[in-house]
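Numbering (our numbering), first residue to last: 2 to 387.
We treat Cβ as the ideally placed atom computed from N, Cα and C, and that holds for glycine.
All remarks here apply to the structure that follows.
Given below as structure tokens:
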């Protein structure tokens, strides 16, 4: 990492040969995920976020040749290449998902860049259900940028009807909102209950250039919040969106976003759901096990009054300072063993909602951490969510 404590810094592929470092992706405006050498040692294959998906790339290794490394995108499509398993001759073995399909194994032909599906584990299950339609939209942000927004429509969607709509706020905050298949934040399950899901690739996500990825750090309550509102306001103009039934949901940074939006949404939303969300940035600084993270993303500690970025994080961008404007029902979910966003965040938010007289509920999992990992608890989570 170039920046101390920045866990989402640009990942590069650097070859160390006889004490000499050669950065193969220095000039490429992206960040590397998983990677593997080609069998002949002339290339490195890797995956990376791009435009709301995870795709396959390769970069040549010049060695001692006076040739500049060139990054080439090999795959394109509305899916995620989630891992590279192996290579044989001109074929890569990979796993692939999309929002409607869990991971299966595919071969990828390096000569013609075509995929071939090798496993179809859930074929009969998919055939037995009506899958939602996933649309790729672009929305103009308040600063004039084009932002990708995934819109997931209910099965048997009818544009003449009106549907309740959920704004999904991704956690991370620097993780991609790609074509992942989640067993908890499952957009297909939400859509099958009759909801439209709006999932924006807001500021802070990889896949749209390094600057877009970096623009959330020290600015949690800034442009990223405007991006959320730009997304929901744009989609809410569609005649099939019921503007009297809008909700906002999210976990971790997404939970922070929910708490923050609850104080500034100007009556857009009728319900909020926050899972392990940051409610008070100041108290989180004193309890989180990821102190390096908050030092970078908040800008430092809260007692340094000369640090403008940090003071903004603990004051202007602190959800606890917006609670006087809370006026909307809220479900708060908290794991008892979450040491990243510790228990006091959820408990304080719930007690605040109760004291304000809001219709509110606390779903507490004593044995869960920042995620819900126990299958029975996952079922409880889904039942309570809906």
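Enumerate in chain order the residues of its own chain whose CB-to-CB distance from residue 284 is below 7 Å, with the five nearest sequence positions on each side excluded. The residue you call residue 284 lines up with position 283 of the chain shown. Closer than 7 Å at Cβ, skipping near neighbours: 345.
Sort out for me which residues DSSP pairs residue 361 with in a bridge. Counting from one through the chain shown, the residue named residue 361 turns up at place 360. BP columns for residue 361 point to 331.
Note down, in chain order, each residue of its chain lying with its Cβ closer than 6 Å to the Cβ of residue 232, except the 5 sequence neighbours on either side. As a first step, residue 232 is located in the chain shown; it is residue number 231 there, counting from the start. 140, 150, 199, 201, listed in sequence order.
I'd like to know whether the C-beta atoms of residue 94 and residue 87 end up nearer to each other than 8 Å. The count along the chain shown starts at 1 and reaches residue 94 at position 93. The count along the chain shown starts at 1 and reaches residue 87 at position 86. Yes.
Quick check on the burial criterion: 16 or more other C-beta atoms within 10 angstroms. Buried or exposed for residue 304? Your numbering for residue 304 matches position 303 in the chain shown. So residue 304 counts as exposed.
Alpha-carbon to alpha-carbon, residue 164 and residue 298: Within the chain shown, the letter at position 297 stands for residue 298. Within the chain shown, the letter at position 163 stands for residue 164. Computed Cα separation, rounded: 36 Å.
Any idea what DSSP makes of residue 461, helix, strand or coil? Any question about residue 461 goes unanswered here, given that the chain covers just 2 to 387.
Taking only runs of the beta strand (DSSP E) that begin and end inside the region 296-360, which ones reach a length of at least 3 residues, in chain order? Every beta strand (DSSP E) of 3 residues or more that sits fully in the region 296-360 is shown, in chain order, as 331-336.
Beta-carbon within less than 6 Å of residue 256's beta-carbon, same chain only, minus the 5 sequence neighbours each way: which residues are those? Locating residue 256 in the chain shown gives position 255, counting from the first residue. Answer for residue 256: 275, 276, 277, 278, listed in chain order.
Could you check if residue 266 is buried or exposed, using at least 16 other CB atoms within 10 Å of its CB as the buried criterion? As a working mapping, residue 266 is identified with position 265 in the chain shown. Buried.
What do you reckon, are the CB atoms on residue 383 and residue 178 nearer than 8 Å? Your numbering for residue 383 matches position 382 in the chain shown. Your numbering for residue 178 matches position 177 in the chain shown. No.
Segments of 3+ residues assigned as beta strand (DSSP E) that fall wholly inside the region 2-72: Within the region 2-72, the runs of beta strand (DSSP E) that reach at least 3 residues and sit entirely inside it are, in chain order, 15-18, 21-24, 33-38, 44-51, 54-61.
Chain-order list of residues whose beta-carbon lies under 6 Å from that of residue 237 (same chain, five-residue window excluded): Numbered from 1 along the chain shown, position 236 holds the residue referred to as residue 237. Excluding positions up to five away in sequence, the list reads 244.
So does the region 72-83 actually touch the region 43-60, counting three or more Cβ pairs closer than 8 Å? Enough Cβ pairs lie closer than 8 Å, so yes.
Would you list the one or two residues that DSSP bridges to residue 134? Position 133 of the chain shown, counted from the start, is the residue given in the question as residue 134. DSSP lists 154 as the bridge partner or partners of residue 134.
Tell me the rounded alpha-carbon separation between residue 356 and residue 333. One-based indexing of the chain shown puts residue 356 at position 355. One-based indexing of the chain shown puts residue 333 at position 332. Going by the C-alpha atoms only, they are around 14 Å apart.
If we count the other Cβ atoms within 10 Å of its Cβ and call it buried at 16 or more, is residue 364 buried or exposed? Numbered from 1 along the chain shown, position 363 holds the residue referred to as residue 364. A residue is called buried once 16 or more other Cβ atoms fall within 10 Å of its Cβ, and residue 364 is buried on that count.
Measuring alpha carbon to alpha carbon, tell me which residue in 263, 215, 210, 211 is nearest residue 229. As a first step, residue 229 is located in the chain shown; it is residue number 228 there, counting from the start. Residue 229 has its Cα closest to that of 263, out of 263, 215, 210, 211.
Check whether the Cβ atoms of residue 135 and residue 100 lie closer than 8 Å to each other. Within the chain shown, the letter at position 134 stands for residue 135. Within the chain shown, the letter at position 99 stands for residue 100. Yes, the pair counts as a contact, with Cβ atoms nearer than the cut-off.
Buried or exposed for residue 97, going by 16 or more other Cβ atoms inside 10 Å? As a position in the chain shown, residue 97 is number 96, starting the count at 1. With 16 or more other Cβ atoms within 10 Å, it is buried.
Within 10 angstroms of the Cβ of residue 167, are there 16 or more other Cβ atoms? Answer buried if so, exposed if not. Against the chain shown, residue 167 aligns to sequence position 166. Counting Cβ neighbours within 10 Å, residue 167 comes out buried, since at least 16 surround it.
Helix, strand or coil: how does DSSP classify residue 226 here? By one-based count along the chain shown, residue 226 stands at place 225. In the displayed model, residue 226 falls within a helix according to three-state DSSP.
Buried or exposed for residue 252, please, with buried defined as at least 16 other CB atoms from any protein chain shown within 10 angstroms of its CB. Start at 1 with the first residue of the chain shown, and residue 252 comes out as number 251. That one is buried.
Which residue wins for smallest C-alpha separation from residue 142, given the options 224, 240, 192? Your numbering for residue 142 matches position 141 in the chain shown. Out of 224, 240, 192, the CA that lies nearest to the CA of residue 142 is found in 224.
Would residue 329 and residue 271 qualify as a contact pair, given that the criterion is a beta-carbon distance under 8 Å? The count along the chain shown starts at 1 and reaches residue 329 at position 328. The count along the chain shown starts at 1 and reaches residue 271 at position 270. Yes, they are a contact pair.
Any beta carbon from chain D within less than 8 Å of residue 37's own beta carbon? The question asks about chain D, but that chain is absent: this structure has only one protein chain.
Roughly how many angstroms lie between the CA atoms of residue 122 and residue 65, to the nearest whole one? Numbered from 1 along the chain shown, position 121 holds the residue referred to as residue 122. Numbered from 1 along the chain shown, position 64 holds the residue referred to as residue 65. For residue 122 and residue 65, the gap between their C-alpha atoms comes out near 46 Å.
Figure out for me which residue from 76, 387, 24 has the closest Cα to the Cα of residue 388. Since the first residue shown for the chain is 2 and the last is 387, residue 388 is missing from the structure and cannot be characterised.
Determine the closest residue to residue 144 out of 213, 117, 111, with distance taken between C-alpha atoms. One-based indexing of the chain shown puts residue 144 at position 143. Out of 213, 117, 111, 213 has the C-alpha closest to the C-alpha of residue 144.
Would a C-beta distance cut-off of 8 Å place residue 320 and residue 280 closer than the cut-off? Position 319 of the chain shown, counted from the first residue, corresponds to residue 320. Position 279 of the chain shown, counted from the first residue, corresponds to residue 280. A contact, by the Cβ cut-off of 8 Å.
Please look up how many angstroms separate the CB atoms of residue 217 and residue 153, rounded, as I've assumed it's under 8 Å. On the chain shown, residue 217 is found 216 positions in, with the first residue counted as 1. On the chain shown, residue 153 is found 152 positions in, with the first residue counted as 1. In fact, because the Cβ distance is near 23 Å, the residues do not count as touching under 8 Å.
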